[in-house]
Amino acid sequence: MQMTTQRAFIIRAMLLWLAACLLCSALLYAEQIRRQYWQFDRAYTLLFSTVSTALTQNESVIPILNGDEDLTLLQQKFPQIQALEKTHNRPLDAPRVEQFSAAHYWLYNPYKQIRVRIDLEPLLRSSSHFASVKLTQDDAPPFSVYRWQWTRQFPQHFQPFTLNAGANPEWGNFSLLPHLLIATGWAIFVGMGGLLLWGRRQQRSDRQRADYYQHARLNTLGEMSAGVVHEINQPLTATQMWLQGGMRQLTNGHHEEALHAMRSALTQTQRISELLTRFRAHLTQEEVAMTKVSLAQSWQRVSNLLEHEPGSKQIRITHDLADVQIQADKLWLEQVLHNLLSNAIQVQQGNPHGWVHIRSESVDDRVKVIITDGGPGFSPQALKHAMMPLFSERQGGLGLGLTLTESLMTKMNGTLQLANSPQGGAEISLWFIKEN
């Protein structure tokens, strides 16, 4: 009887041991396969981030190119650019991208009539984890021969690509040692210790990834904040001048003049509020619809805002604007005109005979706006690099005014051209779509 009970106990113990071994081995095997998947997934995320950075660089650099840059110097910062060519009479509504292979395509800027050839093959080859990786335009069907598939579309508006990757699990790629330890009775200890170590490693990786994304976001916000500071600096200065003038008028007992100064200061603060609202909309990627805008009314509003800028009273501002409507965003249009008029006033400080003239003319379905002034005009270096970020020949200038202005014109489907007038001074041409 005792022998029978002992035998039954041993059989039950062996069955329990066998069940524990099979269960723990199955769990460990599944964990190893799952780790393979996460390794592929992290590799895909890294590859997607690398390619997305290159696409962002492409869309950032093409608006500031004019087709005459040195390709060798350009490739030092943007190695994915293989060629830079000028185009002729390319329609503005033509496709911005022409893909001619899996990782090669042409990226166009029809407003400046240039194109660049992009080669992303080295970036795709850098990830050797996958059985297949390809870059397709628009939505493409995923791989059908791989158990694990990844597909994600890039957010860049003018480069609507999708990154597809596929891989199969390596069923035979696992370690036998943990299974042997499980078979000898250490399965639970080894399994729990491994899971605890993996959990801590994942937590550390998650924290590092979160810190990286936070750092990248702060850098991006820093660049954008520099642009916002540039835009709100002038209305803030004007607000301060109006408030100081209003206080002096109140001290002298001129209540009507003080009330006018307060109203003008309120107008400037409202402009700052609109700029900050648009900045928030840009951060949240809210779309801004183009509307019908009166060019003459926008110019009048900008002139009124700048009429009391330091030195502006010595500048004679005239206009010859046709009564036309254009497709634009009202605030963006005023920002463009404000930047250009403010620059024209600043370069003529101390000139008692300074002047600024703006005129418009209709050319087919577009409106051309020409702004000329009596300043010294653009230097040869400024004509070549004025659109580059942080380039400025004016002492104390941030070098963002013309860059932001060109960016706003591009967003409104318009173009900006710089030149010198034959009579002397600067000549800036703006092209807008006419509203019928």
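Those letters in the sequence shown? Residues 47 to 482, by this note's numbering.
Glycine is no exception: its CB is placed at the ideal position from the N, C-alpha and C atoms.
Do you know offhand how far residue i's Cα is from residue j's?
i    : j    : result
Q286 : V162 : 46 Å
L429 : N466 : 9 Å
K414 : N459 : 13 Å
L387 : V402 : 8 Å
R412 : P281 : 31 Å
G400 : K180 : 59 Å
Q469 : G291 : 38 Å
T315 : E452 : 25 Å
R198 : S98  : 11 Å
G299 : A307 : 13 Å
A374 : L119 : 36 Å
W232 : C70  : Bear in mind that the predicted position of W232 carries a pLDDT of just 48, short of 50, making it too unreliable to give a figure here.
S344 : K376 : 7 Å
N214 : S178 : 10 Å
H301 : Q295 : 7 Å
Q427 : E216 : 59 Å
R80  : T208 : 25 Å
T449 : V382 : 11 Å
A89  : L454 : 36 Å
A100 : F94  : 10 Å
H365 : Y154 : 35 Å
L305 : A342 : 27 Å
R347 : T91  : 48 Å
Locate the beta strand (DSSP E) running through residue i, then write down its first and last residues.
i    : result
K132 : 127-132
T197 : 194-199
R405 : 401-409
E144 : 143-145
I391 : Where I391 is concerned, there is no enclosing beta strand (DSSP E), although the alpha helix (DSSP H) it sits in stretches over 376-392.
H150 : 150-155
R484 : Residue 484 cannot be examined here, being either before or after the span of the chain that is shown, 47 to 482.
R362 : 362-366
Buried or exposed, going by whether 16 or more other CB atoms sit within 10 Å of the CB of residue i?
i    : result
W84  : exposed
E332 : Caution is warranted here: a pLDDT of 48 is assigned to E332, below 50, making its placement in the model unreliable, and the coordinate value is therefore given only provisionally. Under this definition E332 is an exposed residue.
W477 : buried
Q82  : buried
N482 : exposed
R255 : Confidence is the limiting factor: at R255 the pLDDT is only 47, short of 50, which leaves the residue's position unreliable and the question unanswerable from this model.
N135 : exposed
Q483 : For the chain, the structure presents residues 47 to 482; residue 483 sits outside this window and is missing.
P224 : buried
I372 : buried
I417 : buried
K158 : buried
Q249 : exposed
R317 : buried
G447 : buried
I110 : buried
H384 : buried
T337 : exposed
Considering only the alpha carbon of each residue, which of the options lies closest to residue i?
i    : options                : result
D121 : D165, N210, V143, F94  : The residue asked about is misnamed: residue 121 is Gln in this sequence, not Asp. Checking every option, the nearest Cα to that of Q121 belongs to D165.
E115 : Q360, A129, L289       : A129
S554 : R405, K132, P468       : This structure gives no information on residue 554, because the portion of the chain shown stretches from 47 to 482.
P168 : P201, Q126, F146, A140 : Q126
A66  : L227, N104, T182, Y154 : L227
E407 : K480, K376, I110, T91  : K480
L351 : T133, P224, E380       : E380
H431 : C70, G113, F94         : G113
D419 : P206, A368, G447, I363 : I363
Q183 : A311, I160, S147       : S147
T96  : N155, S172, T118, I160 : S172
A201 : T102, L68, Y192        : The displayed chain sequence assigns Pro, not Ala, to residue 201. Nearest C-alpha to P201: T102.
Y75  : I416, L93, L289, F220  : F220
T230 : Q343, M60, P215        : M60
I361 : P206, P137, I391, A311 : I391
M433 : V107, Q346, G212, D87  : V107
H150 : K158, P137, L170       : L170
A335 : M293, T297, Q346, W378 : W378
S340 : A100, D369, I318, R317 : D369
T283 : T313, E144, H365, A304 : T313
K457 : M293, G471, F204, N397 : F204
Would you mind reading off the limits of the alpha helix (DSSP H) that contains residue i?
i    : result
L454 : 447-457
T118 : 117-123
H431 : 426-431
When you compare the CB of residue i with every CB in chain B, is at least one pair closer than 7 Å?
i    : result
K123 : Judged by its chain identifiers, the structure shown contains no chain B, having just a single protein chain.
Any idea which residues DSSP pairs residue i with across the strands?
i    : result
E473 : T418, A465
N514 : Beyond the ends of the chain as shown, which are 47 and 482, falls residue 514; an answer cannot be given.
S340 : Q371
I479 : R412
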